[in-house]
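Engineer: Quick note: the sequence shown uses the UniProt record's numbering, first residue 1, plus one each step. Ideal Cβ positions, reconstructed from N, Cα and C, are used throughout, including at glycine.
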Amino acid sequence: MQFELLKTDPHTKARAGKITTDHGVIETPIFMPVGTVASVKGVHQRELKEDINPDIILGNTYHLYLRPTTHILEQAGGLHKFMNWDRNILTDSGGYQVYSLSDTRKIKEEGVKFKSHIDGSYHFFSPENVMETQRSIGADIIMAFDECTPYPCDYQYAKKSMFMTHRWLDRCISHLEKVPPKYGYQQSLFPIVQGSVYKDLRQQSAEYIASKGADGNAIGGLSVGEPAEDMYEMTDLVCDILPKDKPRYLMGVGTPINILENIALGVDMFDCVMPTRNARNGMLFTSQGIINIKNKKWENDFSPIDPDGHTYVDTYYTKAYLRHLFAANEFLGKQIASIHNLGFYLWLVREARRRILAGDFPIWKENMVKQMGQRL
């Protein structure tokens, strides 16, 4: 994997870059649609390619391990072939899912024992077998196994967890050297910075992760309930430490405003279920603000979903029609809303990139933050 930093905004820390892998070029900053179980929920691969057009999507190791299982994925020739996706894929390590299963898992130095949400069966994740699982899945970018601490989190627990995440990282790196890629292309490991919202822990963790010289680095344990100001403070601190010549990935973030604020702090890569999850509940993100399409006020509004027309959906459907689909409980409504929100997120990061290269990112970003924060 190669990363080329093309420009850094002189007034902020926003960066425009280019990642190149065996599955193609990823222009940064980038938002990765979440394809948890080998599917970006409610969106065909054809629509994903032609209408949303991301350079990379995300898959989930925990979910793919349980279903369809790595055995099926290996038989298919890896996740790319299984889901007919010839562009880049990133897989998370399962650490966040382990965090979210707090009532049904037990964390020890060796790894994590957890109960399947599907059938209640017990399973065990260790740094070693998570690396093997991600080799079998075959993503281009794979994540180190970590523990994602909750918020709020006691300082001593956060410290203990951070050091265990570092030890697990060393085990991941060691084991990857023994288990080569399975499908004839390179896989790049990204370590994950932890430390909750404690500055000294975040600094220690970022320094440790930076010392590993990985192809890229991730920031985890944020967007788990902490105030946005804390997220920005931790991200700012960590980005000042992580290498400038490697991509930086802020995991699980977030709203369009969160994304612009963190781009300004030096983050290159994002993912979040928000655009599709909120779409299925009728919440639409636009350049003018946030729309709850279920509201009666849109019943006879025959204007485009986003009057600025940032997605192909805006040229096809009106607010009134989409509201009707939700009122009729027609699944097409959720599908259109999902395509719109994903398209808007991809437009947003690409426009940010264009503005960074053009030199007017700060002014544009401030205007967009004001507009997108409005409830319409």
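(1) Leaving out five residues before and five after G225 in sequence, what residues of the same chain have Cβ atoms less than 7 Å from its Cβ?
(2) Does DSSP classify T91 as helix, strand or coil?
(3) Under 7 Å Cβ to Cβ from A139, same chain only, skipping five residues before and after it: list those, please.
(4) Mind pulling the beta strand (DSSP E) runs of 3 or more residues that sit fully within the stretch 249-291?
(5) Reducing DSSP to helix, strand and coil, say where P362 ends up.
(6) For N217, which beta-bridge partners are listed by DSSP?
(7) Using 10 angstroms around the beta-carbon of L357, count the other beta-carbons present and answer buried if the total reaches 16, otherwise exposed.
(8) If you draw a straight line from the C-alpha of G333 to the C-alpha of D314, how long is it?
(9) Shortest alpha-carbon distance to Q97 belongs to which of F163, H117, R46, A327?
(10) Kindly provide the ranges of any beta strand (DSSP E) runs that are 3 or more residues long and lie completely inside the stretch 42-119, ordered along the chain.
(11) Does the count of Cβ pairs from the stretch 234-244 and the stretch 341-350 closer than 8 Å reach three?
(12) How about the stretch 165-173 and the stretch 129-149: do they share at least three Cβ pairs that are nearer than 8 Å?
(13) Report yes or no: do the stretch 296-305 and the stretch 265-273 share at least 3 C-beta pairs separated by less than 8 Å?
(14) Beta-carbon separation of A228 and S196 under 7 Å?
(15) Straight-line CA distance for I137 to S303?
(16) Taking the straight line between their C-alpha atoms, what separation do you get for Y122 and K113?
(17) Report the residue from A210, Y62, A328 whose alpha carbon sits nearest the alpha carbon of S100.
(18) Assign I363 to buried or exposed, taking buried as 16 or more other Cβ atoms, counted over all protein chains shown, within 10 Å of its Cβ.
(19) Relative to the C-alpha of K13, which candidate in K365, A320, N281 has its C-alpha closest?
(20) Tell me, please, whether the stretch 49-56 touches the stretch 283-290 by the rule of three or more beta-carbon pairs shorter than 8 Å.
(21) Between which two residues does the alpha helix (DSSP H) holding L325 run?
(22) Are the beta-carbon atoms belonging to I192 and A214 less than 7 Å from one another?
(23) Between K319 and the rest of its own chain, which residues show a CB-CB distance below 8 Å, the 5 nearest in sequence each way excluded?
(24) Would M32 and D271 qualify as a contact pair, given that the criterion is a beta-carbon distance under 7 Å?
(25) Under 7 Å between the Cβ atoms of P247 and I19?
(26) Got a sec? Which residues, its chain only, sit under 6 Å from M83 by beta carbon, not counting five neighbours each side?
(27) Quick check on M143: does DSSP put it in helix, strand or coil?
(28) Check G17 in the structure and name its three-state DSSP category.
(29) Closest to Q371 by C-alpha separation, out of G95, E27, L348, would be which residue?
(30) Do G184 and S223 come within 7 Å of each other at the CB atom, strictly closer than that value?
(31) Alpha carbon to alpha carbon, what distance is there between P256 and Y208?
(32) Between the beta-carbon of residue 377 and the beta-carbon of V369, is there less than 7 Å?
(33) Measure the beta-carbon distance from I26 to I57 and round it to whole angstroms, keeping in mind my assumption that it falls under 8 Å.
(34) Three-state secondary structure (DSSP) at M294?
Structural biologist: On the basis of the supplied data:
(1) Looking up residue 225 in the sequence shown gives position 225. Answer for G225: Y151, listed in chain order.
(2) As a working note, residue 91 is residue 91 in the sequence shown. Strand.
(3) In the sequence shown, residue 139 corresponds to position 139, counting from 1. Taken in chain order, the residues that qualify are G59, L79, I89, L90, T91, Q187.
(4) 269-271, 283-285
(5) On the sequence shown, position 362 is the one that residue 362 refers to. Three-state DSSP puts P362 in a helix.
(6) On the sequence shown, residue 217 is found 217 positions in, with the first residue counted as 1. Paired residues: R248.
(7) Your numbering for residue 357 matches position 357 in the sequence shown. It counts as exposed.
(8) The residue you call residue 333 lines up with position 333 of the sequence shown. The residue you call residue 314 lines up with position 314 of the sequence shown. For G333 and D314, the distance between alpha carbons rounds to 13 Å.
(9) The residue labelled residue 97 in the question sits at position 97 within the sequence shown. Among F163, H117, R46, A327, the Cα nearest to that of Q97 belongs to H117.
(10) 56-60, 88-92, 105-108, 111-115
(11) no
(12) yes
(13) no
(14) Here the question's residue 228 lines up with position 228 in the sequence shown. Here the question's residue 196 lines up with position 196 in the sequence shown. In this structure, S196 does not lie closer than 7 Å to A228 by Cβ.
(15) Looking up residue 137 in the sequence shown gives position 137. Looking up residue 303 in the sequence shown gives position 303. Cα-Cα distance, rounded: 43 Å.
(16) Translated into the one-based positions of the sequence shown, residue 122 becomes position 122. Translated into the one-based positions of the sequence shown, residue 113 becomes position 113. About 7 Å.
(17) Here residue 100 is taken as the residue at index 100 of the sequence shown, counted from 1. Looking at the Cα atoms, Y62 is the closest of the given residues.
(18) The count along the sequence shown starts at 1 and reaches residue 363 at position 363. Burial call: exposed.
(19) Mapped onto the sequence shown, residue 13 falls at position 13. Closest option to K13, Cα to Cα, is K365.
(20) no
(21) Sequence index remark: in the sequence shown, residue 325 carries index 325 (1-based). Per DSSP, L325 belongs to the alpha helix (DSSP H) from 319-327.
(22) Counting from 1 along the sequence shown, the entry for residue 192 is found at position 192. Counting from 1 along the sequence shown, the entry for residue 214 is found at position 214. Not closer than 7 Å, so no.
(23) On the sequence shown, residue 319 is found 319 positions in, with the first residue counted as 1. Taken in chain order, the residues that qualify are I291, I293, W298, D301, F302, S303, P304, I305.
(24) As a first step, residue 32 must be located in the sequence shown, where it is residue number 32. As a first step, residue 271 must be located in the sequence shown, where it is residue number 271. Yes.
(25) Here residue 247 corresponds to residue number 247 of the sequence shown, with the count starting at 1. Here residue 19 corresponds to residue number 19 of the sequence shown, with the count starting at 1. Cβ distance < 7 Å, so P247 and I19 count as in contact.
(26) The residue given as residue 83 occupies position 83 in the sequence shown. These residues qualify, in order along the chain: A38.
(27) Here the question's residue 143 lines up with position 143 in the sequence shown. Reduced to three states, the DSSP call for M143 is strand.
(28) Taking the sequence shown and counting its residues from 1, the one referred to as residue 17 is at position 17. The answer is strand: DSSP assigns G17 an E or B state.
(29) Along the sequence shown, read from residue 1 onward, the residue named residue 371 stands at position 371. For the residues G95, E27, L348, the minimum Cα distance to Q371 belongs to L348.
(30) The count along the sequence shown starts at 1 and reaches residue 223 at position 223. The count along the sequence shown starts at 1 and reaches residue 184 at position 184. It is not a contact, given that the beta carbons lie outside the stated cut-off.
(31) As a working mapping, residue 208 is identified with position 208 in the sequence shown. As a working mapping, residue 256 is identified with position 256 in the sequence shown. Each residue's alpha carbon lies about 30 Å from the other.
(32) Residue 377 cannot be examined here, being either before or after the span of the chain that is shown, 1 to 376.
(33) Here the question's residue 26 lines up with position 26 in the sequence shown. Here the question's residue 57 lines up with position 57 in the sequence shown. Actually they do not touch by this definition, with Cβ atoms about 11 Å apart.
(34) As a working mapping, residue 294 is identified with position 294 in the sequence shown. Contrary to the premise, residue 294 reads as Lys rather than Met in this sequence. Three-state DSSP puts K294 in coil, outside helix and strand.
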